[in-house]
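What follows is a single structure, written as structure tokens, with notes after it.
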Amino acid sequence: MDTTRMGRQGLSGWRMRVGGPVSQQVARRTGVAPETVQAVLGAAFFLSSAWYVAATIAAIVRER
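Quick look at the structure:
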């Protein structure tokens, strides 16, 4: 399993338009590969979305 590739899947659409330039700047300043930075950003976007969906479902269940 390629974790870098898996993490980068979280960067699509507007997230890639934002994450692409950000990852280049972060990579340049930290010395980390841009692909690795993109993977971390993608994973963060994915986890943030998953958290939002889970919180929304929990709120719906509590309302019943």
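131 is the number of the first residue of the sequence shown in the working numbering; add one for each residue after it. Beta carbons: idealized from backbone N, C-alpha and C, even for Gly.
Item	Value
Within 8 angstroms, strictly: CB atoms of residue 168 and residue 138	yes
Span of the alpha helix (DSSP H), counted from its first residue to its last, around residue 168	164-193
Candidates 183, 156 and 166: closest to residue 132 by CA position	166
Local Cβ density within 10 Å of residue 171, reported as buried at 16 or more and exposed below that	buried
For residue 154, the first and last residue of its enclosing alpha helix (DSSP H)	144-160
Residue 141 burial status per 10 Å Cβ neighbour count (16 or more: buried)	buried
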